[in-house]
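Reviewing the structure listed below.
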């Protein structure tokens, strides 16, 4: 069975159980131990994954699980982004009276689900990983039990998520039926290669349902209805985690299910992704302009960015997949930094979530204003930030495959979308602050990680070739 290929996941699950056991004997003032154990678990798991990279592609657990460079890169991204998110979340959880171990335990279970999705070579395992992620996230969104907005957001997320999971499962069941009981991705790929998709009506139906389920996890139009409400209603620490790390897992599912197992059906699913991507870029940018709540603005901005990732995958080329992976990783890092600034501006009993909270940020803290400037420039796609190179790489991949007018359209929408980012920057630098007190935090690790996060946006923008080469090499070795 070669169970060793799942060693990082087994180690993480064992560590979660150990942390749960230790936490039973800790008092409320001992939660720092839980936090430190959680960080150690994440970094140790990342090291385990790192030791397996660079080796040949290996199947195990009755061909249900795969160890390859793509899975390794996705897992390391998930683990490091989660570790960064926890550094940011600690300050918020303490100040808002939510300093409880349940946050870290639930987040770790969701990470376990994401790791399973990254290495799944079986439709059933993809779905199980997805459900472990989803169920943990539903509970995390409702984490602040006394907040009615969080409860409402969790209910919306749960209901719509259940519908999307049903769609995905229905699509998988059709695929299972028409392939003669095949669940392994490589076996499905062999069937699809022998049966032209446009002449196979059941396969087209399966594609529609599967793409719909994947689009929900990305938050793409028209499956975006949950995103603004959940981002706004959830505690900011949860929004930070939800808005960054699961995007990498969603990309893992897209690559595993569409590119790897349904690659020969690309003429069918590429047109679906083209429509979803264009509508997401269009609607996300337009609706973000009308928002004055920062969390809702970031939510609609996310919808737009997810459109770019879907358009990159739509090309069906190695350049497109590489651009999509590069975009996903860099966007997740950028989004984490943006929400970290909101956590920094929040204070006891009060969430900073409106544009007014950014007024005069430069007067209160020039350094953090500069970090936010770098993050917003990257989101807007302004050179020399990494967001510019990420969008450029997607557009290049689209033009190479003949999608000229869609490329022109998303360039125009990006220019329009830059307005709401520039509006926030104008308020930071040219408006007077509503609160005169300077911004400070006692957490040294928060300051260091946030500063590194912002500067990394600039560094990756100036020297993007290294990360792009890593993404391309991982995809070439795995697909």
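In the UniProt record's numbering, the protein residues as written are 1 to 479.
For glycine and all other residues, C-beta sits at the position ideal for the given N, C-alpha and C.
_Our contact map puts residue 209 next to residue 215 with C-beta atoms below 8 angstroms; I'd like the distance itself, whole angstroms only._
With a Cβ gap of about 11 angstroms, residue 209 and residue 215 do not count as contacting.
*Tell me which same chain residues have a C-beta within less than 7 angstroms of the C-beta of residue 260, skipping the five on either side of it?*
185, 189 and 479
*Pull up the CB-CB distance for residue 46 and residue 80, whole angstroms please, since I reckon it's below 8 angstroms.*
6 angstroms
*asked:* What does the alpha-carbon distance come out to for the pair residue 326 and residue 25?
replied: 43 angstroms
*asked:* Would residue 251 and residue 338 qualify as a contact pair, given that the criterion is a beta-carbon distance under 8 angstroms?
replied: no
*If we call anything under 8 angstroms between Cβ atoms a contact, is residue 346 one with residue 310?*
no
_Spatial distance of residue 37 from residue 286 (CA atoms)_ = 43 angstroms
*Among 453, 417 and 388, which one has its Cα closest to the Cα of residue 462?*
388
*Does DSSP classify residue 95 as helix, strand or coil?*
helix
*Could you tell me if residue 268 is buried or exposed, where buried requires 16 or more neighbouring beta carbons within 10 angstroms of its beta carbon?*
buried
*Test item: CB-CB of residue 178 and residue 203 under 8 angstroms*: yes
*Sort out for me which residues DSSP pairs residue 122 with in a bridge.*
184
*Taking residue 391 as the reference, give the member of 307, 456 and 124 with the closest Cα.*
307
*Just mark residue 328 as buried or exposed, buried being the case when its beta carbon has 16 or more other beta carbons within 10 Å.*
buried
*Kindly indicate which three-state DSSP category residue 293 falls into: helix, strand or coil?*
strand
*Are the beta-carbon atoms of residue 130 and residue 7 separated by less than 8 angstroms?*
no
*Reference residue 128; option with closest CA among 169, 473, 447 and 71*: 169
*Can you check whether the CB of residue 292 is closer than 8 angstroms to the CB of residue 243?*
no
*Applying the criterion that 16 or more other CB atoms from any shown protein chain within 10 Å of the CB defines a buried residue, is residue 400 buried or exposed?*
exposed
*residue 403 - containing beta strand (DSSP E), residue span*: Run containing residue 403: none; DSSP gives neither H nor E here.
*Under 8 angstroms between the Cβ atoms of residue 394 and residue 332?*
no
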